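Remarks on the structure that follows.
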Amino acid sequence: MAQFIGAHGSEIPAAQWAEIETFVCAAITDMHFDRTHDAKNYFTAATRLAHWAFFEAGLELEREVIFHPEVIATFISQGCDDLKPSSRGSYRSRALQMTDKFFPGLRGNVKNQALEDFDNAPEPYTDQEVIELRHWAGNQGTRYRSVNMTLMLALGIGAGLSNSEIAAVTAGDVQVDDHGVVIRVRGDRPREVPVLAEWESEIAQLARAAMRPTLHLICPRRRVLNNPSLIAALILDGSTPPVTVTVQRMRSTWIVGHLNARVPRDVVARAAGIKRTEGLSRYDKFLAPTDTSSARTLLRDGSEGTAA
1 MAQFIGAHGS EIPAAQWAEI ETFVCAAITD MHFDRTHDAK NYFTAATRLA HWAFFEAGLE
61 LEREVIFHPE VIATFISQGC DDLKPSSRGS YRSRALQMTD KFFPGLRGNV KNQALEDFDN
121 APEPYTDQEV IELRHWAGNQ GTRYRSVNMT LMLALGIGAG LSNSEIAAVT AGDVQVDDHG
181 VVIRVRGDRP REVPVLAEWE SEIAQLARAA MRPTLHLICP RRRVLNNPSL IAALILDGST
241 PPVTVTVQRM RSTWIVGHLN ARVPRDVVAR AAGIKRTEGL SRYDKFLAPT DTSSARTLLR
301 DGSEGTAA
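Have a look at this one:
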């Protein structure tokens, strides 16, 4: 196994790989593959599943949890948006075969479901729900908690970051200039993300007030630097929200908002850390239809723009 662990490790930050290495390697070893090629393919799928489940979903690294069919279904839907349908199908198949090996009979009806059944993007928040969430975040029991909740919304709805990305942002990752605020995202999907104008002030103020650039913006008093359950615990400890609060819905709100604003798909995909624009297609069902007048204007201007 060592011959391909090194190659895969370059795709995941060393500190994060150290957290899941024992779990992944033990699972692959217990599959008892006869061929190294098979072990490598399943290793890749298991690594991505474990990484998403632990760092994004905040789940415990236990086989009955990670390889549960419902967790795998959610992983395919929410954790593989940068992959082609064929690759998502391969990951799902290998993960579920590991489920069969470890927990015979647990799959139930999952094996008969089409990939499309799992290919559902989280529903974005409505404009009214965003207003309600802003009010909820600003009215927590303490100032510290309100600031953290508001910043979570700013990084999720305002920049489309994932759970682990929100938790990892430091003051030094924030660039503030005359053109706005940009977040430098590190980790396995490094990129720079401009923040929506209406969320800039919350992020800029905290970044400027930080005592040092390495200080985390959200929950700076944390005792564990890389706690995969940090955001989930923050939400759980807060007051009752007006709607269910998930980072996945925040990210969906950000993506759909940009697509509705007709930001080019390659620009949105790049800012979202999605490798292919096809990964955005699952959000299409949430897009607002173009009215007849706007459609006519777009088509007319487009024709003029391409005229010789």
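Here full-length UniProt numbering is used: the first residue of the sequence shown is 1, the next is one more, and so on. Yeah, the Cβ is synthetic: ideal placement off N, Cα and C, and Gly gets one too. Note that the structure is predicted; figures quoted are calculated from it, not measured.
Hey, F54 and I20: beta-carbon distance below 8 Å or not?
Contact: yes.
Taking just the CA atoms, how far does G138 sit from P85?
Looking at the two C-alpha atoms, the distance is approximately 40 Å.
Could you check which residue in G302, G187, L236 and V169 has the C-alpha nearest to that of I203?
With distances taken between Cα atoms, I203 lies closest to V169.
Please report the straight-line C-alpha distance between E278 and D284, rounded to a whole angstrom.
Distance between the alpha carbons of E278 and D284 is about 11 Å.
Please state whether DSSP places K111 in a helix, a strand or coil.
Because K111 carries a pLDDT of 49, less than 50, the predicted location of this residue cannot be relied on, and the following value inherits that uncertainty. Reduced to three states, the DSSP call for K111 is helix.
Which residue marks the beginning of the beta strand (DSSP E) containing D177, and which one marks its end?
Segment V174 to D177, the beta strand (DSSP E) holding D177.
Taking the DSSP output, what are the residues bridged to residue 332?
Past the boundaries of the shown model lies residue 332; the chain is included only from 1 to 308, so the question cannot be answered.
In the DSSP assignment, what are the bridge partners of H216?
DSSP lists T170 as partners of H216.
Give a yes or no on whether 8 Å exceeds the smallest Cβ distance from L206 to chain B.
Absence of chain B from the displayed structure is noted, only one protein chain being present.
Reducing DSSP to helix, strand and coil, say where I274 ends up.
Coil.
So, P69 versus R107, is the Cβ gap smaller than 8 Å?
For P69 and R107, yes; Cβs fall inside 8 Å.
Within this structure, are the beta carbons of Q78 and P122 separated by less than 8 Å?
Taking 8 Å as the Cβ cut-off, Q78 and P122 qualify as a contacting pair.
Use the C-beta contact count for D291: other C-beta atoms within 10 angstroms, 16 or more gives buried, fewer gives exposed.
Classification of D291: exposed, given that the 10 Å Cβ count is below 16.
To the nearest angstrom, report how far apart P220 and A210 are at their CA atoms.
Between P220 and A210, the C-alpha separation is close to 9 Å.
With a Cβ-Cβ cutoff of 8 Å, do V174 and I183 count as a contact?
Yes.
Classify N41 as helix, strand or coil using the three-state DSSP reduction.
DSSP places N41 in helix when its eight states are reduced to three.
Are there 16 or more other CB atoms within 10 angstroms of the CB of P124, so buried, or fewer, so exposed?
Buried, because 16 or more other Cβ atoms sit within 10 Å of the Cβ of P124.
What residue ranges within the region 43-74 form continuous alpha helix (DSSP H) runs of no fewer than 4 residues, ordered along the chain?
The region 43-74 contains these whole alpha helix (DSSP H) runs: 63-66.
Over the uninterrupted alpha helix (DSSP H) stretch that includes R88, give me the two end residues.
It spans P85 to F102 - the alpha helix (DSSP H) in which R88 sits, taken as one unbroken run.
Measuring alpha carbon to alpha carbon, tell me which of S164, L61 and I72 ends up nearest V247.
Ranking S164, L61 and I72 by Cα distance to V247 puts S164 first.
I'd like to know if the region 79-98 and the region 24-42 are in contact, where contact means that at least 3 CB-CB pairs between them fall below 8 Å.
The answer is yes - the region 24-42 touches the region 79-98, with three or more Cβ pairs under 8 Å.
Which of the three DSSP states is assigned to R35 in this structure?
The answer is coil: DSSP assigns R35 none of H, G, I, E or B.
Can the beta-carbon of L225 be found closer than 8 Å to that of A171?
No, these two residues do not count as a Cβ contact at 8 Å.
Compute the Euclidean distance between the alpha carbons of R270 and H135, then round it to the nearest angstrom.
Taking the straight line from one Cα to the other gives about 31 Å.
Look at R63 and F33 and say whether their C-beta atoms are less than 8 Å apart.
Not a contact, by the Cβ cut-off of 8 Å.
Specify the secondary structure class of I76 as computed by DSSP and reduced to three states.
In the structure shown, I76 sits in a helix (DSSP, three-state: H, G or I).
Taking the C-alpha atoms as reference points, what is the distance between T22 and D188?
Taking the straight line joining both Cα atoms gives about 19 Å.
Label P228 either buried or exposed according to how many other C-beta atoms from any shown protein chain fall within 10 Å of its C-beta, with 16 as the threshold for buried.
With 16 or more other Cβ atoms within 10 Å, it is buried.
Would a C-beta distance cut-off of 8 Å place N148 and L236 closer than the cut-off?
The answer is no: Cβ separation not under 8 Å.
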